[in-house]
Amino acid sequence: MNLKEHWNNIYLDKDLKKVSWHQDKPSLSLDLISMSSMNRDTKILDVGAGTSTLVDNLLGIGYRNLGILDISETAIEITKERLGNKAQEVEWFISDATRFQSPHLWDIWHDRAVFHFLTEDYERKAYMECMESSLSDDATAIIGTFGPEGPTQCSGLSCKCYGIEDMAEWIGSAFSIEHYQVVEHKTPRNVIQQFIFFLLKRTVETIGSDRQSFE
Ligand SMILES: C[S@@+](CC[C@H](N)C(=O)[O-])C[C@H]1O[C@@H](n2cnc3c(N)ncnc32)[C@H](O)[C@@H]1O
1 MNLKEHWNNI
11 YLDKDLKKVS
21 WHQDKPSLSL
31 DLISMSSMNR
41 DTKILDVGAG
51 TSTLVDNLLG
61 IGYRNLGILD
71 ISETAIEITK
81 ERLGNKAQEV
91 EWFISDATRF
101 QSPHLWDIWH
111 DRAVFHFLTE
121 DYERKAYMEC
131 MESSLSDDAT
141 AIIGTFGPEG
151 PTQCSGLSCK
161 CYGIEDMAEW
171 IGSAFSIEHY
181 QVVEHKTPRN
191 VIQQFIFFLL
201 KRTVETIGSD
211 RQSFE
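Here the sequence shown is numbered in my numbering, starting from 1 and rising by one per residue.
Right, here's the structure in full:
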């Protein structure tokens, strides 16, 4: 089964309020987005958005340039249906984040619980290159991954845990870590998962310029 089928099956089979990553309200993501830009014209892309209500919340407080990307068209269909008419106000992308070619630049790249599924160096390198080429010059990336004491498995897939040094190595000098926050996420089954959220600021450097080569 490929990755797309894996995630489509999850969204077809499971009670979405019981999946481990479920949040009633993505409060920290909303706070970090507000910290990055209060301008409601800011172009925000939620990468691996799944069926998160981040987009509902952002529309609700007036952000009007929103994009949703996910490898699973099933997740995208569920979110579109939930939004009803408001779905027309959003740009939709069914794509692997490591192969995404954005039609225009974004000001904020938001990823909660996607980057940690990339366990191969070539995938992480491709993700970082897509992130960089999708972002405007003074953009922000908000990446929430499993923290140093996070789980190494989720949804039947292996995950990679991140500390500050690990993330610094991946972003090289193309981004700087402006802020980070370690948080405990309580799953619907009351299991605690450690996450770390990074707020990364784009610099003038190009990704890969000083990041070690993984060829
Ligand atoms: C653990 S869920 C998190 C969903 C959402 N961000 C949230 O916080 O509720 C991971 C999501 O990433 C998507 N995903 C996994 N790998 C991906 C990839 N390489 N490219 C794009 N989306 C991916 C999955 O379909 C799934 O919706």
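All C-beta atoms, glycine included, are put in the ideal place defined by N, C-alpha and C.
| Check | Outcome |
| --- | --- |
| Unbroken stretches of the beta strand (DSSP E), 3 residues or longer, contained in the stretch 61 to 119 | 65 to 70, 90 to 94 and 106 to 112 |
| Local conformation of glutamate 149 per DSSP, three classes | coil |
| Continuous beta strand (DSSP E) stretch holding histidine 179: start and end | 175 to 186 |
| Where serine 133 sits in the DSSP three-state scheme | helix |
| Cβ-Cβ separation, tyrosine 162 to threonine 145 (assumed contact under 8 Å), whole Å | 5 Å |
| Nearest candidate by alpha-carbon position, reference serine 102, set Asp15, Lys125 and Asp46 | Asp46 |
| Contact under 7 Å by Cβ, lysine 201 with isoleucine 192 | no |
| Whole-angstrom C-beta distance between isoleucine 164 and isoleucine 177, which should lie under 8 Å | 7 Å |
| Cβ-heavy atom distance, aspartate 138 to ligand 1, below 6 Å | no |
| 7 Å Cβ cutoff met for glycine 156 and valine 182 | no |
| Aspartate 96 CB to nearest heavy atom of ligand 1 below 6 Å | yes |
| Proximity winner among Tyr63, Ile94 and Leu28, relative to asparagine 39 (alpha-carbon distances) | Tyr63 |
| Nearest residue (CA-CA) to threonine 255, options Thr42, Ser134 and Glu77 | Missing from the structure shown is residue 255; the chain here goes from 1 to 215 and no further. |
| Straight-line gap, aspartate 138 to methionine 167 (C-alpha atoms, nearest Å) | 19 Å |
| Cβ contact (3+ pairs, closer than 8 Å) linking the stretch 81 to 89 and the stretch 106 to 123 | no |
| Where serine 37 sits in the DSSP three-state scheme | coil |
| Residue range of the unbroken beta strand (DSSP E) whose run includes aspartate 46 | 43 to 47 |
| Contact test: glutamine 108 Cβ vs ligand 1 heavy atom, cutoff 6 Å | The residue asked about is misnamed: residue 108 is isoleucine in this sequence, not glutamine. Not so, every heavy atom of ligand 1 lies at least 6 Å from the Cβ. |
| Residues bridged to glycine 163 (per DSSP) | BP columns for glycine 163 are empty, so no partner. |
| CA-to-CA distance, isoleucine 71 to arginine 124, given in whole angstroms | 16 Å |
| Euclidean distance between Cα positions of serine 20 and proline 188 | 6 Å |
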